[in-house]
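In our numbering, the protein residues as written are 18 to 803.
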């Protein structure tokens, strides 16, 4: 797309019919009752083909007439480049209403070879303004005129807004949506972007473009929005298509460099591992971000050091980071190991292949390791030491530090399972490597340990347990691990006679599909009832596969007297609506908003009798009263907890088992602290909680990462209910740039855990040391039990 005025004496290579029409319009300017001047021909509005690519600019003819209704107006004719014989579109600048040729009744009589075309148009306009024949064309004072050009691309519309200037220049604003195709990790993806361009048009003839501004906005999910922010703005006379091509090229170049960097990282790490296989301690075999080796250089004296290479995402443009660490202190006394020392790589070029880079690095290490070793010896002799008392033994063995023993153990079993030490590792959890069978055994053992720690006392009377099933990998793993735990006799699993911990196992599921509007999510046309039935039936089928009793409830049943027999929810709502406005700590409209949540009619027992649709409407009113996404998620979590507790008690179960993983617990610790609920951390994150009366809450998966549970479901081929949860999150999201505290915490924890795998464990261990003072059941909140 280009917006400019055609230079003087320029010619258009267009269809002869159009040339003839333009000639007639220009030559017959001196007509009776009409005065035309400033006739110019240019190009504007880009025409797109069915694939969404710009193919041509429509030809625009602009002329000024001063005899229509005693007003001076600008007329613009737009000719279709696909069909030059088609009547042009008519735009009148500066008018609120721009009648087309169809409105004037001239579309069927237009002929490019007829010199009376312009006379007919101007005459019709003059009669309309003076005699009100069809509709009144009024002048607008600095009002915005919106002209939409619908492109042939099915992905969206191209908008053009004209803002006439009174004291300043006229502004023309374009919004052009387009797609950027790029490849990421071997998959073809598309990014939807809208280009917003603003032109300032001079009020002097010939209306030149005096300035141009532009920016790009991303309409779809994109992990690197800063890439488009660095695209230079459009020039005054630069076509918009060229600006769009520059933006597309920038995104494509970024991912091409990223793919090349990933390929080079993999090639570099693999070359290092193959070349120095005997010296390997550990490496990142998944993302190829680091590798650690123990080298011994034999010169005048043996010199040993641990060399660790960290490869950046921008490799090979940025050379790897090299650190040297002493595996042991060369002394007879115990001393703490010094911090790693960063060694700059001196000989390096991004144009070298992996073999050349490894060769140059090894030649540098051959010189640097002896110097580093001598430096450590000097520091060891000058630093204060802690005497080491050897154990009483007749044989003197060389002293080995903990770091040296760990390095030696990893060097023997690098790349193999840390349990069986015979199979190659396929799964990495934190710093431990497992094969598939050993990983399943380790996770099952971790689950059994957590179950028995939750019941430290000797069980004389087994209790019933309720398993909360949402459909995700955590709760799905919980059901399967409970089945494995109860399918084997205690003497087979532990080689000793132990009583059974739990008696009957129940599964409960809360259907939240009423929160999804029909047709949302993935754009499928399906009504609300079918979606609800499919979710509930799928959960029932999974529970039936294990022979567990299933209990299902809808989230809107929180208003059903059958489930809320304690009336705690209505009590809180009634209390808030009865307070004066000056005593409310929330919005002053809270009484009006919360009044929509209260029962519409009551039975003699004091409870409301509502149909399901009325309960859904009340739930939507409750969520609509929440002004932030954090508030919506918090109130939904309270409603889920209330329903889970009610179902547990109705099923005569005394224990409620939740599938909260270690990752989820860490997110809750930070999130609850941020919103001021640190007091309830022991109830929300502990392995065993008895804060709820007559109902204990356990979290057997508290020590398992969500990555482990996802891998467990994949290896066991367990069926999940992912579609419902993803659509619910999409419905709750009000704006792309607005996120709740819980989601921000989730991104923070998961992002930090990628670089520091001990993040989740550190947060959970820190929170486990916190204790809250005891409180009676009457002193706690009836909603959140805090």
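Quick reminder that beta carbons are idealized off the backbone N, C-alpha and C, glycines included.
*Based on the DSSP output, what are the partners of residue 641 in its beta bridges?*
None, per the DSSP bridge assignment.
*When the Cα atoms are used, what is the spatial distance from residue 501 to residue 674?*
About 16 Å.
*Among 330, 195, 721, 286, which has the Cα closest to the Cα of residue 310?*
Among 330, 195, 721, 286, the Cα nearest to that of residue 310 belongs to 286.
_Opposing strand residues paired with residue 390 [DSSP bridges]_ = In DSSP, residue 390 forms no bridge with anything.
*asked:* For residue 303, report the span of its alpha helix (DSSP H) as first-last.
replied: First-last for residue 303: undefined, no H or E at that position.
_Through-space distance from residue 661 to residue 522, alpha-carbon basis_ = Cα-Cα distance, rounded: 15 Å.
*asked:* Once DSSP output is grouped into helix, strand and coil, what is the label at residue 521?
replied: Three-state result, residue 521: strand.
*Below 7 Å between beta carbons: does that hold for residue 656 and residue 784?*
No, the pair does not count as a contact, with Cβ atoms beyond the cut-off.
*asked:* Residues in the same chain with beta-carbon distance under 7 Å from residue 685, minus the five sequence neighbours each way, listed in chain order, please.
replied: Cβ within range, chain order: 701, 702.
_Among 451, 381, 322, the one whose alpha carbon lies nearest that of residue 389_ = Cα-wise, what sits closest to residue 389 is 322.
*asked:* Suppose you measure from the CA of residue 282 to the CA of residue 486; what does that come to, to the nearest Å?
replied: CA-to-CA, the gap between residue 282 and residue 486 works out to about 41 Å.
_DSSP-derived helix/strand/coil call for residue 241_ = Correct three-state label for residue 241: coil.
_Do residue 491 and residue 678 have their beta-carbon atoms positioned less than 7 Å apart in this structure?_
Annotated as proximal: residue 678 and residue 491, with beta-carbon spacing under 7 Å.
*Simplified DSSP assignment, three categories, for residue 358*: Looking at residue 358 - three-state DSSP - the assignment turns out to be strand.
_According to DSSP, residues forming a beta bridge with residue 325_ = According to DSSP, which records beta bridges pairwise, residue 325 is partnered with 309, 340.
_the region 289-299 touching the region 357-368, judged by at least three CB pairs closer than 8 Å_ = Flag = no, the region 289-299 and the region 357-368 do not touch.
_On a Cα-Cα basis, can you pick out the residue from 503, 504, 519, 553 that is closest to residue 527?_
Closest option to residue 527, Cα to Cα, is 553.
*Would you kindly check if the distance between the Cβ of residue 278 and the Cβ of residue 332 is under 7 Å?*
In this structure, residue 332 places its C-beta atom within 7 Å of the C-beta atom of residue 278.
*Mark residue 254 as exposed unless 16 or more other C-beta atoms lie within 10 angstroms of its C-beta, in which case mark it buried.*
It is exposed - the Cβ of residue 254 has fewer than 16 other Cβ atoms within 10 Å.
_Residues near residue 780 in its chain [Cβ-Cβ closer than 6 Å; skip 5 each side]_ = Here the set comprises 683, 686.
*Mind checking whether residue 268 and residue 233 have CB atoms under 7 Å apart?*
Note that the C-beta distance between residue 268 and residue 233 is not below 7 Å.
*Three-way DSSP call (helix, strand, coil) for residue 16 in this model*: As shown, the chain starts at 18 and ends at 803. That puts residue 16 outside it, with no answer to give.
*Go ahead and pull the three-state DSSP assignment for residue 788.*
Assigned with DSSP and collapsed to three states, residue 788 falls in coil, not helix or strand.
*Pick from 328, 271, 757 that is closest to residue 643, judged by C-alpha positions*: When only C-alpha atoms are compared, the closest one is 757.
*Going by C-alpha distance, which of 461, 275, 199 is nearest residue 262?*
Ranked by Cα distance from residue 262, the options 461, 275, 199 are led by 199.
*Should residue 681 go down as buried or exposed, given a rule of 16 or more other Cβ atoms within 10 Å for buried?*
Burial call: buried.
*Going by Cα to Cα distance, which pick from 235, 237, 215, 519 is closest to residue 227?*
When each option's Cα is compared against that of residue 227, the closest is 215.
*Kindly indicate which three-state DSSP category residue 438 falls into: helix, strand or coil?*
Assignment of residue 438 by DSSP, reduced to helix, strand and coil, places it in the coil class.
*Could you tell me whether the region 705-720 touches the region 429-443, where touching means 3 or more Cβ pairs closer than 8 Å?*
Contact between the region 705-720 and the region 429-443 is absent, because fewer than three Cβ pairs lie under 8 Å.
*Looking only at C-alpha atoms, which of 654, 358, 326 sits nearest to residue 289?*
The residue with the shortest Cα to Cα distance from residue 289 is 326.
*asked:* Going by DSSP, what residue range makes up the beta strand (DSSP E) through residue 227?
replied: Taken as a continuous stretch (DSSP letters only), the beta strand (DSSP E) holding residue 227 covers 226-235.
*Span separating the alpha-carbon of residue 236 from that of residue 566*: Going from the Cα of residue 236 to the Cα of residue 566 covers about 45 Å.
*asked:* Just list the residues that DSSP pairs residue 575 with in beta bridges.
replied: Its beta-bridge partners do not exist; DSSP assigns none.
*asked:* Looking only at its chain, what residues have a beta carbon closer than 6 Å to the beta carbon of residue 777, apart from the 5 residues adjacent to it on each side?
replied: Apart from the 5 residues on each side of it in sequence, residue 777 sits with its Cβ closer than 6 Å to the Cβ of 679, 680, 683, 770 in its chain, given in chain order.
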